[in-house]
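Residue numbers (this note's numbering): 1 to 852.
Everything below concerns the one structure shown next.
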Amino acid sequence: MAEGEEAAARGAAVDRSERPSGIFWVLVLAGMLILVAIGVALLPYDWGKIASPVILAVFAVAGVIAMFAWAMGIAHFGQSSIARNDLTKLIADDSPEGILVTNKDGRIIYANEAYLALTGAMGEQDIRTVERAFTGDPDVSEATYRLAQAARAGQRLAEEFRIASAPPAGTASWYRVRVRPIERPSGAGETVWTVADITRERERQENVFQELQHAIDYLDHAPAGFFSADPSGEIVYLNATLAGWLDYDLAQFGTGGLTLADIAPGNAGALVVTQASEPGSVRTEIFDIDLRRRNGTIMPVRLFHKIAFAADGQPGPSRTLVIYRGPGGDVSEGLRAAEVRFARFFNNSPLAIATIDENARIVRTNAAFMRLFKESLNGDAPGHSLLEAVIERDREGLSKLTRLAMAGRGDIEPAEASLVGQGSRSARFWFAPVDRGENEKEAAIVYMIDTTEQRTLQEQFTQSQKMNAVGQLAGGVAHDFNNVLGVIMLAADSLLGSHKPGDPAFQDIMAIKSNANRAANLVRQLLAFSRRQTLRPQVLNLNDAMSDLSMLLRRLLGEKVALEVVHGRDLWPVKVDVNQFEQVVMNLTVNARDAMADGGKVIIRTRNVPISEASALDRSELPPADYVTVEVEDNGSGIPPAVLDKIFEPFFTTKDVGKGTGLGLSTVYGIVKQTGGSILVHSVEGKGTIFQIFLPRLVEPAKAAIVEAESAPDQAGSAPAKAKEMTDLTGRGRILLVEDEEALRALSARTLAARGFEVIEAGSGIEALQIIDEGESEIDLVVSDVVMPEMDGPTLLKEMRKRQSKTRIIFVSGYAEEAFAKNMPEGEEFAFLPKPFSMKQLVEAVKSNMKP
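Set out below in structure tokens:
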């Protein structure tokens, strides 16, 4: 059947909607006129004569106004409305897209001729809805189902699907179907369906895609390599030629991805990505570098590197052409082999190299230079002065070296300068003059190496050496001072035993003992700094410790300074001495308070720091590991940079005389280091300071503690109470007392003898062995100093065990037991009594370790 005959058979568009009629308003008007006529007839004659002209006048005026309104286009009568509806319908009827309108019950109320043609309907009786007209494979059914659901929900939706045998021709076709509700005040619930045949549009898209595939195929197999890299260095496209040169499989490249660092060894990748230019410009550079194949070998290439910059100055993806320059490659550019070799050596050198003109402006650079000065020169070196890359303080010195190079001097000493940019970065510069021709711009060559890491290590090593030297001095002084304090404390205890509180000398003796205890506290601070104090580590959760300590900290801070404690979640366990940890936090909190004279806020945080975050800090004093950190932050005056490097030194203080000893932060430093942790400081003058304490995460079960005779004295000078308080300090037994300090040995022996013990004195370890070898009497307990001339305490114990002696021993020392415990035989048990000690502590230690 011909197309015209089919159209005739189908007929015009189908419209089943109800058209509103105007007869209603005509009847209303007629009724009103009849009522007016009846009303006038019923009126009295006199009133009727008056009312009739008035009514006729009103109708006349209304008619005149209506005529003027119709003439000016303000009012329209029946034909205008019909004409407007016919125009809208005519547009819908002639639409090239099929239009179908259904009511809320799904009944078809309108379908244009295009819809009848698209669905193959031959007439009004043959019209079907979209769900029934388009059926086929599951994909089509699912699409029409989603459209129907959207229609019922009063939503808009569009779907595209392909029908293998579409009506009326029965060929494969693509359709786009849209559904939308008609929104009008009556709320009748009609829905408009539009159906468009997009087969030709799809065919055009497929043709464009095929042409694009052909273009990509041509580019892939071009005799030159090509790649595109984004500003981060990720390669977003790589043609097959370059992939073949580099021995990469494009199938794997598509899933795994490549970066410039994978194919450009060393600094070559940095040379390619560190380009900058004016906003909105396009920059093309030529580089002679080596690319790295997948097997690790290199290949010389020339890059024609083009980058377009956006209006905000951000670089876009590159367009990079790669020419192979190796044996058998394209050398049509006419460059000599020597030039190629020089370009390779120049760009692959680990030294940063640049040439400068007579004004110290950069003319040419290699890849290492761009990598070193990327931040200092904003990625754009040529044309900039070399002096712009260093800080203001070092420019004059570098300028002098530049002038010497311009003068042809060849014996120029190198200079070190700090670079512009974030962080403390530095480089060492060597200058060499250049014999230049008339038209050559290069006046000197500059060689540079990055010395940032070297300088940082030197500073840390110098600081560590200084701290160790001060620590050794402090520890040595503390050791000798402990012996003196021990004599004073034992003598004071002995005198108190013979003087009653009413005696005139009693108060003087108590003053001697009190000041001896104060001196002992200072000695303990020195030992904490030198990391030789006695620690009693235990496993704990720092959140629990901070909760117990927060009340005391609020009292220390006072009313003007607020305290906020932020507990980290799921905190890892650590192994620390609780008392010493509390001293660390209190010292830091008090310092924060003193830095906020007008009030402020102290924030204490605890949190986990995994190994990845610790490694990212890149601090040599913080080995990569899991840590638990405690941060003490204040918003006080901050620490000046000139003072920051000295804050952990003993006796260094910025406080007024009498307001600080300068041992607070040195004690903190020593305790943290002896615990195996690290402490970092971040301070901005005028804004505040943050102290970060990193304690290693405990990952192994706690080992059995060494048998201890007594805990170290607390800050008041008395030892913490033992689990079982000893009231009877008398006893029996034979004690070998080994002490090289004669006064301390004499007072200790007299104290023990007065309590019922038999004491044998020895001035050294050798003398003690002689007494044991003589064997005149059995020794029940040995009380020995650790540090002695000729033979120390641990060596004495080893020699005793060689003689099959199982005598118990108490070591007495001003150093921490950990300082010598590592030198003891494995599994050996001993007790420990720290110096200085009181008479009661000595007797309790002896009695608790005497054989029963």
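Note that CB positions come from ideal geometry on N, CA and C, so glycine has one too.
Which same chain residues end up closer than 8 Å to I810 when comparing Cβ atoms and leaving out the 5 residues on each side of it in sequence? To locate residue 810, count along the sequence shown from 1; it is residue 810. Once the five neighbours on either side are set aside, the close Cβ partners of I810 are A709, L781, V782, V783, S784, F830, A831, F832, L833, A845, V846, N849.
According to DSSP, is P573 helix, strand or coil? Working through the sequence shown from its first residue, we reach residue 573 at position 573. Three-state result, P573: coil.
In the DSSP output, which residue or residues are listed as bridge partners for S637? Locating residue 637 in the sequence shown gives position 637, counting from the first residue. When DSSP reads this structure, S637 sits in no beta bridge, so it has no partner.
Could you please give me the residues that DSSP links to P300 through a beta bridge? Within the sequence shown, numbered from 1, the residue matching residue 300 stands at position 300. Beta-bridge pairing links P300 to D290.
If we ignore side chains and look at the alpha-carbon of each, how far apart do D247 and R294 end up? Sequence index remark: in the sequence shown, residue 247 carries index 247 (1-based). Sequence index remark: in the sequence shown, residue 294 carries index 294 (1-based). In this model, D247 and R294 are separated by some 6 Å (Cα to Cα).
Nearest candidate by alpha-carbon position, reference S853, set N608, G775, L747: Outside the displayed range of the chain (1 to 852) lies residue 853, so it cannot be described from this structure.
Taking the alpha-carbon of I298 as reference, which of P641, P623, Y324, D548 has the nearest alpha-carbon? What you label residue 298 is simply residue 298 of the sequence shown in a count that begins at 1. That would be Y324, whose Cα lies nearest to the Cα of I298.
Spatial neighbours of V542 within its chain, please: CB distance less than 7 Å, with the 5 preceding and 5 following residues excluded, ordered by chain position. As a first step, residue 542 must be located in the sequence shown, where it is residue number 542. This sequence places Leu at residue 542; Val is not what is there. The residues are L571, V574, T606, V628, V630.
List the DSSP bridge partners of L238. For this step, residue 238 is matched to residue 238 along the sequence shown. F227, per the DSSP bridge assignment.
Confirm, please, whether the CB-CB distance from R803 to I779 is below 8 Å. For the purposes of this step, residue 779 is taken as the residue at position 779 of the sequence shown. For the purposes of this step, residue 803 is taken as the residue at position 803 of the sequence shown. Cβ atoms of I779 and R803: not closer than 8 Å.
Beta-bridge partners of D698, as assigned by DSSP: To locate residue 698, count along the sequence shown from 1; it is residue 698. Note that residue 698 is Leu in the sequence shown here, rather than Asp. L698 pairs with nothing; no bridge assigned.
Report yes or no: do the segment 351–360 and the segment 382–390 share at least 3 C-beta pairs separated by less than 8 Å? Verdict: yes, contact present.
Under 8 Å between the Cβ atoms of V759 and A753? Working through the sequence shown from its first residue, we reach residue 759 at position 759. Working through the sequence shown from its first residue, we reach residue 753 at position 753. Yes, the Cβ-Cβ distance between V759 and A753 is below 8 Å.
Could you tell me the boundaries of the beta strand (DSSP E) in which N608 lies? Position 608 of the sequence shown, counted from the start, is the residue given in the question as residue 608. First-last of the beta strand (DSSP E) with N608: 600–609.
What three-state label does DSSP hand P836 in the structure shown? Indexing the sequence shown from 1 puts residue 836 at position 836. Residue state, collapsed to three classes: coil.
According to DSSP, residues forming a beta bridge with K306: Taking the sequence shown and counting its residues from 1, the one referred to as residue 306 is at position 306. K306 is bridged to T284, R319.
Limits of the unbroken beta strand (DSSP E) element including D773: In the sequence shown, counting from the first residue as 1, residue 773 sits at position 773. For D773, no beta strand (DSSP E) encloses it; the enclosing alpha helix (DSSP H) starts and ends at 765–774.
Got a sec, what are the start and stop residues for the alpha helix (DSSP H) D371 sits in? As a first step, residue 371 must be located in the sequence shown, where it is residue number 371. It should be noted that the sequence gives Arg, not Asp, for residue 371. Unbroken alpha helix (DSSP H) run through R371: 367–372.
According to the Cβ coordinates, are V787 and S813 closer than 8 Å? Translated into the one-based positions of the sequence shown, residue 787 becomes position 787. Translated into the one-based positions of the sequence shown, residue 813 becomes position 813. Judged by beta-carbon spacing, S813 lies within the 8 Å limit of V787, meaning their Cβ atoms are closer than that value.
Among L485, K513, L556, which has the Cα closest to the Cα of L495? As a first step, residue 495 is located in the sequence shown; it is residue number 495 there, counting from the start. The candidate whose alpha carbon is nearest that of L495 is K513.
Can you list, in chain order, the residues of its chain with a C-beta nearer than 8 Å to that of M406? Leave out the 5 residues immediately preceding and following it. Mapped onto the sequence shown, residue 406 falls at position 406. Contacts found: E358, P433, A443, A444.
Can you tell me whether A716 is buried or exposed, with buried defined as 16 or more other CB within 10 angstroms of its CB? Here the question's residue 716 lines up with position 716 in the sequence shown. Summary for A716: the model assigns pLDDT 34, below 50, so the residue's position carries little reliability; its value from the coordinates is reported in the next sentence. A716 comes out exposed.
Mind checking A57: buried by the 16 CB within 10 Å criterion, or exposed? Taking the first residue of the sequence shown as 1, we reach residue 57 at position 57. Flag for A57 reads exposed.
What did DSSP end up calling P53 once you bin it into helix, strand or coil? Along the sequence shown, one-based indexing puts residue 53 at 53. Here P53 sits in helix by DSSP.
Give the single residue among A415, F461, S424, L457 whose Cα lies nearest to the Cα of V446. One-based indexing of the sequence shown puts residue 446 at position 446. Considering only alpha carbons, the answer is A415.
Starting from the Cα of G280, find the closest Cα among A264, F309, G316, I182 and give me that residue. In the sequence shown, the residue the question calls residue 280 occupies position 280. Here the closest residue by C-alpha is F309.
Whether V195 touches E113 by CB criterion (8 Å): The count along the sequence shown starts at 1 and reaches residue 195 at position 195. The count along the sequence shown starts at 1 and reaches residue 113 at position 113. No, they are not a contact pair.
Tell me, which residues are paired with V195 by DSSP? The count along the sequence shown starts at 1 and reaches residue 195 at position 195. Under DSSP, V195 shares a beta bridge with G98, V177.
Since D126 sits in a beta bridge, which residues does DSSP pair it with? By 1-based counting over the sequence shown, the position of residue 126 is 126. Secondary-structure assignment with DSSP links D126 through no beta bridge to anything.
Quick check on this structure: which residue in P350, P836, A150, W174 has the alpha carbon closest to the alpha carbon of L485? Here the question's residue 485 lines up with position 485 in the sequence shown. It is P836 whose Cα lies nearest to the Cα of L485.
To the nearest whole angstrom, what separates the beta carbons of L553 and L563, a pair I think is in contact under 8 Å? Within the sequence shown, residue 553 is the residue found at index 553, counting from 1. Within the sequence shown, residue 563 is the residue found at index 563, counting from 1. Going by Cβ atoms, the distance from L553 to L563 rounds to 6 Å, so yes, they are a contact pair.
Answer with buried or exposed for D290, where buried requires no fewer than 16 other C-beta atoms within 10 angstroms of its C-beta. For this step, residue 290 is matched to residue 290 along the sequence shown. Answer is buried; the Cβ neighbour count reaches 16.
Figure out for me which residue from V684, D792, A111, R619 has the closest Cα to the Cα of P640. Sequence index remark: in the sequence shown, residue 640 carries index 640 (1-based). Here the closest residue by C-alpha is V684.
Candidates L797, E131, F373: which alpha carbon is nearest A417's? Within the sequence shown, residue 417 is the residue found at index 417, counting from 1. Among L797, E131, F373, the Cα nearest to that of A417 belongs to F373.
So L116 is in the alpha helix (DSSP H); what residue range does that whole segment cover? By 1-based counting over the sequence shown, the position of residue 116 is 116. Where L116 is concerned, the enclosing alpha helix (DSSP H) starts and stops at 113–119.
With 16 as the cutoff for other CB atoms within 10 Å, does S498 come out buried or exposed? The sequence position of residue 498 within the sequence shown is 498, counting from 1. Answer is exposed; the Cβ neighbour count stays below 16.
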